[in-house]
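Working notes, structure below.
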Amino acid sequence: MSSTSVPSGEQPVYRILGPLEIRDVAGGELRIPPGRQQTVLATLLVDANRVVSLDQLIEAIWYDDPPATARTQVQICVSRLRRALADAVGPDTLVTRGPGYELLVADGQLDARTFADLVSAAAEQTRAGALEDASRLLDAALALWRGPALSGTGSRLLEAKASHLEEQRLNALEAHFDLGLRLGRHHQLIGELASQVTANPLRERLRGRLMLALFRAGRQAEALETYRVGRELLVDQLGLEPGDELRRLESAILADDAGLRRSPAPEAPAAPAYPPVVPFQLPTDIADFTARDALIEQTEQLLLGHPGRRATPVVVLAGKPGVGKTALAVHIAHRIADDHCPDGQLYCDLGGTRAHPADPLDVLGRFLRALGVPGPAVPGSVDERAEMYRHRLAGKRMLVVLDDAGSERQVRDLLPGTASCVVLVTSRVRLTGLAGAGVLDVDVLDPDQATGMLAMMIGAERVAAEPAAVAALVRLVGGLPLALRIVAARLAARPSWSLAWMLERLSDERRRLDELAHGELMVRASLALTYDGLAADARRLLRLLSALDRLSFPVWVAAALLEVDPLQAADLLERLVDAQMLEISAVERDGSPRYRFHDLIRLFAREQLDEHEQASGRRAALARVASGWLGLACEAHHRIYGGDFTVLHGSAPRLRPPDGAVDRILADPLVWFEDEQDNLCSIVALAAEAGLDEHAWDLAVTMVALFENRCYFDDWERTHRQALTAVRAAANRRGEAALLCSLGSLHLSRAHPDAAAEPLARALATFEDLGDAHGKAMAHRNLALVDEARGADPQARFERALIEFRVAGDPVGEAYVLGRLAQTELDAGDEDRAGTYLAEALRICDRTGTPRVEVQLRYRLSGLMMRQGRHEEAAEVLTELLTRARAARDLAGEARILHRLGLVHAQLGRRDTAERLLVEALELHERITGGAPDDGVRADLAALQALPG
Numbered sequence: 014m015s016s017t018s019v020p021s022g023e024q025p026v027y028r029i030l031g032p033l034e035i036r037d038v039a040g041g042e043l044r045i046p047p048g049r050q051q052t053v054l055a056t057l058l059v060d061a062n063r064v065v066s067l068d069q070l071i072e073a074i075w076y077d078d079p080p081a082t083a084r085t086q087v088q089i090c091v092s093r094l095r096r097a098l099a100d101a102v103g104p105d106t107l108v109t110r111g112p113g114y115e116l117l118v119a120d121g122q123l124d125a126r127t128f129a130d131l132v133s134a135a136a137e138q139t140r141a142g143a144l145e146d147a148s149r150l151l152d153a154a155l156a157l158w159r160g161p162a163l164s165g166t167g168s169r170l171l172e173a174k175a176s177h178l179e180e181q182r183l184n185a186l187e188a189h190f191d192l193g194l195r196l197g198r199h200h201q202l203i204g205e206l207a208s209q210v211t212a213n214p215l216r217e218r219l220r221g222r223l224m225l226a227l228f229r230a231g232r233q234a235e236a237l238e239t240y241r242v243g244r245e246l247l248v249d250q251l252g253l254e255p256g257d258e259l260r261r262l263e264s265a266i267l268a269d270d271a272g273l274r275r276s277p278a279p280e281a282p283a284a285p286a287y288p289p290v291v292p293f294q295l296p297t298d299i300a301d302f303t304a305r306d307a308l309i310e311q312t313e314q315l316l317l318g319h320p321g322r323r324a325t326p327v328v329v330l331a332g333k334p335g336v337g338k339t340a341l342a343v344h345i346a347h348r349i350a351d352d353h354c355p356d357g358q359l360y361c362d363l364g365g366t367r368a369h370p371a372d373p374l375d376v377l378g379r380f381l382r383a384l385g386v387p388g389p390a391v392p393g394s395v396d397e398r399a400e401m402y403r404h405r406l407a408g409k410r411m412l413v414v415l416d417d418a419g420s421e422r423q424v425r426d427l428l429p430g431t432a433s434c435v436v437l438v439t440s441r442v443r444l445t446g447l448a449g450a451g452v453l454d455v456d457v458l459d460p461d462q463a464t465g466m467l468a469m470m471i472g473a474e475r476v477a478a479e480p481a482a483v484a485a486l487v488r489l490v491g492g493l494p495l496a497l498r499i500v501a502a503r504l505a506a507r508p509s510w511s512l513a514w515m516l517e518r519l520s521d522e523r524r525r526l527d528e529l530a531h532g533e534l535m536v537r538a539s540l541a542l543t544y545d546g547l548a549a550d551a552r553r554l555l556r557l558l559s560a561l562d563r564l565s566f567p568v569w570v571a572a573a574l575l576e577v578d579p580l581q582a583a584d585l586l587e588r589l590v591d592a593q594m595l596e597i598s599a600v601e602r603d604g605s606p607r608y609r610f611h612d613l614i615r616l617f618a619r620e621q622l623d624e625h626e627q628a629s630g631r632r633a634a635l636a637r638v639a640s641g642w643l644g645l646a647c648e649a650h651h652r653i654y655g656g657d658f659t660v661l662h663g664s665a666p667r668l669r670p671p672d673g674a675v676d677r678i679l680a681d682p683l684v685w686f687e688d689e690q691d692n693l694c695s696i697v698a699l700a701a702e703a704g705l706d707e708h709a710w711d712l713a714v715t716m717v718a719l720f721e722n723r724c725y726f727d728d729w730e731r732t733h734r735q736a737l738t739a740v741r742a743a744a745n746r747r748g749e750a751a752l753l754c755s756l757g758s759l760h761l762s763r764a765h766p767d768a769a770a771e772p773l774a775r776a777l778a779t780f781e782d783l784g785d786a787h788g789k790a791m792a793h794r795n796l797a798l799v800d801e802a803r804g805a806d807p808q809a810r811f812e813r814a815l816i817e818f819r820v821a822g823d824p825v826g827e828a829y830v831l832g833r834l835a836q837t838e839l840d841a842g843d844e845d846r847a848g849t850y851l852a853e854a855l856r857i858c859d860r861t862g863t864p865r866v867e868v869q870l871r872y873r874l875s876g877l878m879m880r881q882g883r884h885e886e887a888a889e890v891l892t893e894l895l896t897r898a899r900a901a902r903d904l905a906g907e908a909r910i911l912h913r914l915g916l917v918h919a920q921l922g923r924r925d926t927a928e929r930l931l932v933e934a935l936e937l938h939e940r941i942t943g944g945a946p947d948d949g950v951r952a953d954l955a956a957l958q959a960l961p962g
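Put into structure tokens, the structure is as follows:
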């Protein structure tokens, strides 16, 4: 809240500033039974719009002495509350979120949050000097209190929360008295102050305000008596003298200090601190940003100046290319983020001006993952993703920045559904079709603003020394920020040049620069000036880099494009940075910089590429970069699996940086895969489009190491479909079979065995025709998994896969199949044969160093131990595996291990531990699958809870 308006008399739905009360949509009171249900609801409300764990709820009810059935009782309470709130407030108000529950509260529904907003707004008005407005806001905030917070709940945990709320109330009350004294209301405040001092006798700030009010009312003796009583109280009860502030005030009153009769500036009440919540995705603000003050104020007023409205505030910054829309949006976003959007910021470059703009489906997927939704829980359709996105943002105070939107259609699904969020959009078109959006035109800089921008970048002394040349330069480039930045960069790089000489060069080289106000031509002309001033090798590098679409790139990419030494490439990149043709976007893990294009400069460079580079040269350069990414991806896979195991590779060449650099880059290979996910996926698409079929399919299947581990199913399917197009166009049968085999794995990961069968059968037929043992092994393995999922006997296919893996020399694939065969034998009751298979498989893992497969095998070993009655040993094995699965962020593995560990503890008679583990397994499975229950876990949990005692 940032205006002086005070909320209307409409009462909040949830009231915790006093006894707990809930009002339904009709205005009546919803009665919540006292005891556990009130405690659970109150605990959820004090952390509204945040996940409250099951353990927190148990602690709130029973503190440190919960009964054995505590979790079940809490789940029953939550179920009843969910039904009651759905009828009284609305559906989907109380939702399950791992590892607990979340109560979704919109703006204005919770009195404590409204109180905090009013106090924060009052602080803003105080800093602005609007004391009357600030006083009214504080009065409204304090009027929300109906008694001690959360009174009647009887929970030690909630008592601590209530104490925090009470401290906020007293801070607001003190700020209220400060404002009253500042406004000369000392006579009216004395009675209220005296009452509060009686209620809070040890609070020195309140006592000081009462002394000051009495003194200003001409009651000096009473002011001194108030001090004396307070001092005696502090000495008697605490053995302490009053603080320095109170002692100085007493001395000033004794001296009849005239300065006390003036109203001192009140201390602004501190806005309540809410812990920041990820994501924080804003790009870095520009350090030398200047001008645009009126536009910034107008934008912020549209976004923040109407707190009572119901619709999401949306502002579109529209303007011609190069006018600085993105820089302005990011600058405004940083200005408002901390104070007005404490729950985080989302940012996406929509690429509306590119040949392939960002699809709302993909953007929603990114946003949902940034908001904590696991990959498997992200829905498949745009509508479902948009619904989940709006649900996740409900009641949150977040900022969404959508950069370079190409159309209203690209934006609509990305808008939140709550007025507590704000949205900032940039576009080259005005997007007037966005209902309710404020559209602001971003124009060129006026002469004063442009002069200030030059002074900021090249120094005020140089600008002041040549005012006529500055004015002429500004006129020549039409006040366009991008053109000004390029000119200033050349001047900053050459301190010996005068502005007059720069002006003469511009006039001589491009007579048409006086037409810079006519759209994109002005950008092209100004960029050409800088481009023409580059050395030939820097110009060629700029052209070739533009072929990589919107990628950010490390130094080695430039070296691969030009086939030069990395240090030489780094020097050329820095020249391009100095010329403002590239910018540094980040720093790599090895300390080297990472680069990216400004979008308009990339488009300009792409034009030069089309004009100066032959198609064969462009394709060869792209092939070298794709070989570099492929080399790193293969090495990352090698480090994860201990070799080129359980993956098929093609004949595309692989490049790699020196060993030392590889070790730094791939210190954690799975983290590297995740960091470079966008780049790797984009290279697959570019390689496929360029007809580099071997690069495309090899890189796509190598990335499964990431896709499978992190459940990135959308990217898995997209990259494989793109690569399939390329291999089919090239009649590349082995590449097609490898992709089909991998797509079969994808369908199995999605629990769709029927969809997996057909592509796997086609892949196997091709591998058999080609005599490819490794391909046959992987296809047989996956088809065995299909049989298993369908309830058929998989043993024959697993045995065939084992033979083929041995022929192909893939020990990790062999170990995996041995583990599956062990499970088959175990299911058939042959424990000895199962143990033999497992022992052989574990020996292979010891030899190859393959932690991922080892975890799977040791999990199967725990099942054998359970069959043999070795439950303590099984518990030790599973506990270790659980730690490893959590460290690797393997959610599916963690859920399986929790399930089995719960069963082991049940066999050992540890019923409470078993129940806790099974509930965790069930909730984690529902989180992974987006709510789909695991019937096996649910049945085991029900059986456990049905046991007597």
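Using my numbering, read the sequence shown as starting at 14 and increasing by one per residue. Cβ coordinates follow ideal geometry from the N, Cα and C atoms, glycine included. None of the values given here were measured: they were computed from a predicted structure.
A check of alpha carbon separations from Glu-707 across Ile-309, Gly-915, Leu-752 identifies Leu-752 as the nearest. Contact check for Leu-874 against Tyr-850 fails: the beta carbons are separated by 7 Å or more. Taking the CA atoms as reference points, Leu-98 sits about 60 Å from Leu-589. Cα atoms of Leu-777 and Gly-393: separation of roughly 29 Å, rounded to the nearest angstrom. By the neighbour-count definition (other C-beta atoms within 10 Å, threshold 16), Tyr-240 is a buried residue.
Cβ-Cβ distances below 7 Å link Ser-598 to Ser-565, Arg-607, Tyr-608, Arg-609 in the same chain, with the five nearest sequence neighbours on each side left out; the list follows chain order.
When the Cα atoms are used, Ala-119 and Gly-160 turn out to be separated by approximately 24 Å. In this structure, the alpha-carbon of Gly-243 lies about 34 Å from that of Leu-33. Scanning Leu-737, Thr-779, Leu-798, Ala-790 for the CA closest to the CA of Pro-766 turns up Leu-798.
Here DSSP, grouped into helix, strand and coil, assigns Cys-361 to strand. A check of alpha carbon separations from Leu-225 across Leu-194, Ala-502, Leu-547, Gly-465 identifies Leu-194 as the nearest. Here Phe-302 carries a coil assignment [DSSP, helix/strand/coil]. Shown here, Glu-689 sits in coil according to DSSP, grouped into three states, outside any helix or strand. Cα atoms of Ala-399 and Asp-426: separation of roughly 6 Å, rounded to the nearest angstrom. In this structure, the alpha-carbon of Ala-549 lies about 20 Å from that of Arg-632. With distances taken between CA atoms, Val-436 lies nearest to Ala-450 out of Gly-446, Ala-450, Ala-212. Secondary structure of Pro-494 (DSSP, three-state): helix. Counting only residues of its own chain and dropping the five nearest sequence neighbours on each side, Gly-256 has a CB closer than 6 Å to the CB of Glu-217. Beta-bridge analysis with DSSP links Pro-606 to Val-600. The DSSP-derived three-state label of Phe-658 is coil. When the Cα atoms are used, Ala-821 and Val-697 turn out to be separated by approximately 27 Å. Here Gln-122 is buried, its C-beta having at least 16 other C-beta atoms within 10 Å.
Your pair Leu-219 and Gln-209 checks out as a contact, with CB atoms roughly 5 Å apart and the cut at 8 Å. Taking C-beta separations shorter than 6 Å and ignoring five residues to either side along the sequence, the partners of Gly-492 in its chain run Val-457, Leu-458, Ala-463, following chain order. Taking the C-beta atoms as reference points, Gly-915 is found no nearer than 7 Å to Ala-898. Judged by DSSP secondary structure, Ala-418 falls within the beta strand (DSSP E) whose first and last residues are 412-418. Looking at the DSSP output, Asp-953 sits in no beta bridge, so it has no partner there.
Cβ atoms of Ala-854 and Ala-828 come within 8 Å of each other, at about 4 Å. Of the candidates Glu-42, Leu-796, Val-414, the residue whose Cα lies closest to the Cα of Arg-775 is Leu-796. Between the alpha carbons of Phe-658 and Glu-721 lies a gap of roughly 15 Å. With respect to the 7 Å criterion, Ala-342 and Thr-439 are classified as neighbours on the basis of their beta carbons.
Comparing C-alpha distances from Leu-683 to each of Arg-723, His-199, Leu-712 shows the shortest one belongs to Arg-723.
For Val-328, DSSP records a beta bridge to Leu-437, Gly-451. A residue is called buried once 16 or more other Cβ atoms fall within 10 Å of its Cβ, and Leu-486 is buried on that count. Judged by beta-carbon spacing, Ala-147 lies within the 7 Å limit of Leu-192, meaning their Cβ atoms are closer than that value. Between Leu-295 and Tyr-360, the CB-CB gap stays under 7 Å.
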